[in-house]
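What follows is a set of notes on a single structure, which appears directly below.
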Amino acid sequence: MESGTATSVISMRKQRFTGDLHFHANGSSYLITEPGHLQYVGNPSPEIDKNWHDMINESEAKQAWSDNFDGYFDVIEGERWYVGGLDILHTLHCLNTLRMHLDPEYYSEHMSHRPSQNHNYHCIDQIRQYLMCYGDLTPVSTRWHDGKGRIYVQSDMNHTCRNFDGVLEWVRGRKIVY
Numbered sequence: 001m002e003s004g005t006a007t008s009v010i011s012m013r014k015q016r017f018t019g020d021l022h023f024h025a026n027g028s029s030y031l032i033t034e035p036g037h038l039q040y041v042g043n044p045s046p047e048i049d050k051n052w053h054d055m056i057n058e059s060e061a062k063q064a065w066s067d068n069f070d071g072y073f074d075v076i077e078g079e080r081w082y083v084g085g086l087d088i089l090h091t092l093h094c095l096n097t098l099r100m101h102l103d104p105e106y107y108s109e110h111m112s113h114r115p116s117q118n119h120n121y122h123c124i125d126q127i128r129q130y131l132m133c134y135g136d137l138t139p140v141s142t143r144w145h146d147g148k149g150r151i152y153v154q155s156d157m158n159h160t161c162r163n164f165d166g167v168l169e170w171v172r173g174r175k176i177v178y
C-alpha cells in the first residue's frame with residue numbers, strides 16, 4: 001500500500017527515458033550521455049558516484065536523527081523502533097549496490113563494506129518484484145541495426161512517471177530515513 005499523503009502531493013509527468021544503446025557499423029555498442037541529464041552509469045567516476053549519493057544519501061538520514069543515529073532504528077519514548085522509508089529509495093539503493101559490483105577494482109577502495117552474495121540476490125529480486133509490480137505499459141519499438149545484423153529495442157521512449165524531485169522533496173521534508 002502506498003503512502004496516501006505522498007501520492008496526493010507528488011505530481012505525474014511525461015519523461016523520456018535516456019540510455020538507449022547505439023551501435024557502430026561493426027556492431028559494438030556505445031552510450032551517449034544526454035546533455036542536461038545527470039549521468040548514473042558508465043565507467044566509474046566521482047561524478048557518477050556523486051549523482052547516486054545526492055539521490056540516496058545516508059548522511060541526510062544521520063542528520064535527521066542527530067548523533068544518536070543507530071542504523072535504521074531510533075529510540076522513541078524509551079522504546080527501540082524501526083524507522084523506514086519509501087520502497088523506491090530502498091530499490092535505488094539495491095540498484096546502486098549492483099552497479100558498484102560491476103566494477104569491483106574501482107569500488108573495493110571506495111566501499112566501506114562489501115555486501116554479501118545473498119544481499120546481491122536480495123537486490124536482484126527486489127528490483128524484479130518492483131518492476132513487475134509497477135508494470136510500465138509504455139510501448140517500446142525496435143529498430144534494425146546493420147552492424148548487429150538484427151533488431152534492438154529502442155528504449156528512449158516517453159513514459160508517465162512520478163516527479164522524482166517531488167518524491168525526494170516529500171521524503172526530505174519529513175526527515176524520513178532511507
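Letter 60 of the sequence shown, counting from 1, is numbered 60 in the UniProt record's numbering, and no numbers are missing. Virtual Cβ for every residue (Gly too), placed ideally from N, Cα, C. Predicted, not measured: the structure shown is a model, and the values here were computed from it.
Buried or exposed (CB count within 10 angstroms, at least 16 for buried), residue 171 | buried
Which two residues bound the contiguous alpha helix (DSSP H) that contains residue 96?
-> 87–101
Just mark residue 151 as buried or exposed, buried being the case when its beta carbon has 16 or more other beta carbons within 10 Å.
-> exposed
Provide the residue span of the beta strand (DSSP E) that contains residue 152, from first to last.
-> 150–154
To the nearest angstrom, report how far apart residue 126 and residue 27 are at their CA atoms.
-> 33 Å
Which residues does DSSP pair with residue 215 in a beta bridge?
-> Here the chain comprises residues numbered 1 to 178, so residue 215 is not present and cannot be evaluated.
Check whether the stretch 38–52 touches the stretch 95–109, taking contact to mean three or more Cβ pairs, one atom from each stretch, closer than 8 Å.
-> yes
Within 8 Å (strictly less), CB to CB, does residue 118 reach chain C?
-> As a matter of chain content, chain C is missing from the structure shown, which is built from one protein chain.
Buried or exposed for residue 123, please, with buried defined as at least 16 other CB atoms from any protein chain shown within 10 angstroms of its CB.
-> buried
If you draw a straight line from the alpha carbon of residue 48 to that of residue 40, how long is it in whole angstroms?
-> 5 Å
When the Cα of residue 207 is compared with those of 99, 103, 23, which residue comes out closest?
-> Here the chain covers residues 1 to 178 and nothing more, so residue 207 does not appear.
My understanding is that residue 158 touches residue 13, with C-beta atoms under 8 Å, so please give their C-beta distance in whole angstroms.
-> Not a contact, Cβ separation roughly 10 Å.
Cβ shell of residue 143 (< 8 Å), same chain only, five flanking positions each side left out = 151, 152, 154
According to the neighbour-count rule (16 or more other Cβ atoms, all chains shown, within 10 Å of its Cβ), is residue 100 buried or exposed?
-> buried
Provide the residue span of the beta strand (DSSP E) that contains residue 143, from first to last.
-> 141–145
Would residue 56 pass as a contact of residue 166 if the rule is Cβ separation under 8 Å?
-> no
Given that a residue counts as buried once 16 or more other Cβ atoms are within 10 Å of its Cβ, and exposed if not, what is residue 8?
-> exposed
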